[in-house]
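In the working numbering, the protein residues as written are 942 to 1361. Glycine included, every Cβ here is placed at the ideal spot set by N, Cα and C. Fair warning: this is a prediction, and the values are worked out from it, not measured in the lab. Data block below; observations after.
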RNA sequence: GUGGGUGUAGCUCAGUUGGCAGAGCGCUGGAUUGUGGUUCCAGUGGUCGAGGGUUCGAGCCCCUCCACCCACCCCA
């Protein structure tokens, strides 16, 4: 049997309805915040990500789907979208647009990791970028926007974790201080941490091993090493979040794996997700445009929601999905009835009703199907009804049945279905 | 890339000491030729993940491989 490749999956009904719901809510909230959609290609020149995300990151060194085009060019399936958006921003001179450039995107990303709960090789992100300002006011609005989308989708009980990772002026001093401190204590840490102390000291701070925590507590905090500008920026972001009554926890040990982050970084976690508990993450990336070759600076901040994880959390916390119901199940008994009723079905569908036209001539079977589809009404059209010019409209809830003229049908059904 | 767990019907899972491959749900038909749900009856369903070995005999024991899941690393 041919199966979907490792780390990819089919999203089937009824789950696909939840995906649509999430995307509809996200678009609604984006519109309210005056964000507009950008659609970038699913693959780019490899350079976009190698430079944008960072040559030494895990994503670039071991997780990208990179292939050679027939003309020899190196192309890569996008592992994230921020680099692509900035590439488009530069390419189309969006810096010439008035005010902040506020863009959102949604779609699949690709990383070749070992799959597990909440992690797939093709996964979906809903994200946005606000480009053109260094103001902490933008940081606060972007964080609020992230939370608003999660709320609108129906997620509750998530936690916002906040940190500042400094800038090129202050972060190197912190890193070397951390390295020094680890020299003395690394022998008291777990084997993973002893390795990380060499390869990526920042990662030690993120260790989840219980026994290591007392030692990790004693390590220097990035927040003590922020330069004056970064310190003020961070305080302002916190202030603005408090103004909006958005609760957050400062996590000086929140470390992010993409090189482009500067200053504000944040993560939103949820308890229903397993080990991969981040449902969204984001941060500021003031130097990214220059890294990608822009002559004009384009400071920005963005976020990305893991749609797979959001849907997962919704499915785990909410009661069973609501099956989309059929408004009217039409059961023509025989060829003549079928031919007469087909144009009627189209008319009703054009007017917004959800109509199922059964190719089934047996009434018992048709009603059985109507029931299984959760139909509100069934319409029975047999020889008797054809002769009378009035069809039998059956209320599937009560079992009551009454004759209705075809032209009255729409009003009769519409009056008792939720939408339309 | 590393570790652990699990593989039996479309789904969820039983399967005793190695002795005929099972249940529930689903699906199909019937009881009811034009009336669903509830009920009753019947039917449909299988490379027991794959290959090899031991044995008179393997879903069960042994070996190899594969897939999926969970976790590590890292991230959404």
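Residue pairing by DSSP places residue 943 in no beta bridge whatsoever. By the 16-neighbour rule on beta-carbons within 10 angstroms, residue 1240 is buried. For residue 1192, the CB contacts under 6 Å within the same chain, skipping 5 residues up- and downstream, are 1102 and 1104 in chain order. If you look at residue 1344, you'll find it in the beta strand (DSSP E) that goes 1342 to 1345. DSSP, read as helix, strand or coil, puts residue 1017 in strand. Three or more Cβ pairs drawn from the region 1320 to 1340 and the region 1271 to 1279 lie within less than 8 Å of each other, which places the two stretches in contact.
The beta carbon of residue 1165 sits closer than 6 Å to no other beta carbon from its chain once the five residues preceding and following it are set aside. Residue 1050 and residue 1061 have their C-alpha atoms some 9 Å from each other. Assigned with DSSP and collapsed to three states, residue 1103 falls in strand. Within the region 1034 to 1071, the beta strand (DSSP E) runs of at least 3 residues that lie entirely inside it are, in chain order, 1042 to 1051.
Straight-line measurement puts the Cα of residue 1286 at about 9 Å from the Cα of residue 1294. No Cβ-Cβ contact shorter than 8 Å links residue 992 with residue 1108.
Under DSSP, residue 984 forms a beta bridge with 1018. Of the residues assessed, residue 1089 falls on the buried side of the cut-off, its CB having 16 or more other CB atoms within 10 angstroms. The beta-carbon distance between residue 1057 and residue 1217, rounded to whole angstroms, is 7 Å. This is short enough to meet the 8 Å contact definition.
Scanning the region 1158 to 1244 for uninterrupted alpha helix (DSSP H) segments of 4 residues or longer gives 1169 to 1184 and 1229 to 1232, listed from N- to C-terminal end. Assignment of beta strand (DSSP E) within the region 1270 to 1323, counting only whole runs of 3 or more residues, yields 1296 to 1298 and 1318 to 1322 in chain order. The Cβ atoms of residue 1080 and residue 1242 sit closer than 8 Å to each other. For residue 953, there is no enclosing beta strand (DSSP E), as DSSP marks it with neither H nor E. Residue 1009 counts as exposed, since fewer than 16 other beta carbons sit within 10 angstroms of its beta carbon.
If you ignore the 5 residues before and after residue 1120, its C-beta comes within less than 7 Å of the C-beta of 1142, all in its own chain and listed in chain order. By the 16-neighbour rule on beta-carbons within 10 angstroms, residue 1313 is exposed. Between the alpha carbons of residue 981 and residue 1016 lies a gap of roughly 14 Å.
When secondary structure is reduced to three states using DSSP, residue 1247 falls in the strand class.
Boundaries of the beta strand (DSSP E) around residue 1009: 1007 to 1009. A direct Cα-Cα distance of roughly 23 Å separates residue 1073 from residue 988. Assignment of beta-bridge partners to residue 1147 by DSSP yields no partner.
Between residue 1329 and residue 1344, the gap from beta carbon to beta carbon is short of 8 Å.
Residue pairing by DSSP places residue 1333 opposite 1321 and 1344 in a beta bridge. Short of 8 Å from the beta carbon of residue 1232, and not among the five residues preceding or following it, lie these beta carbons of its own chain, in chain order: 992, 993 and 1201. When the alpha-carbon of residue 1304 is set against those of 1167, 1279, 1125 and 1288, the nearest one is in 1279. Annotation: the continuous alpha helix (DSSP H) that includes residue 1092 extends over 1077 to 1094.
Looking at the DSSP output, residue 977 sits in a beta bridge with 1044. Distance from the CA atom of residue 1354 to the CA atom of residue 1311, rounded to whole angstroms, is 15 Å.
In the structure shown, the three-state DSSP call for residue 962 is helix.
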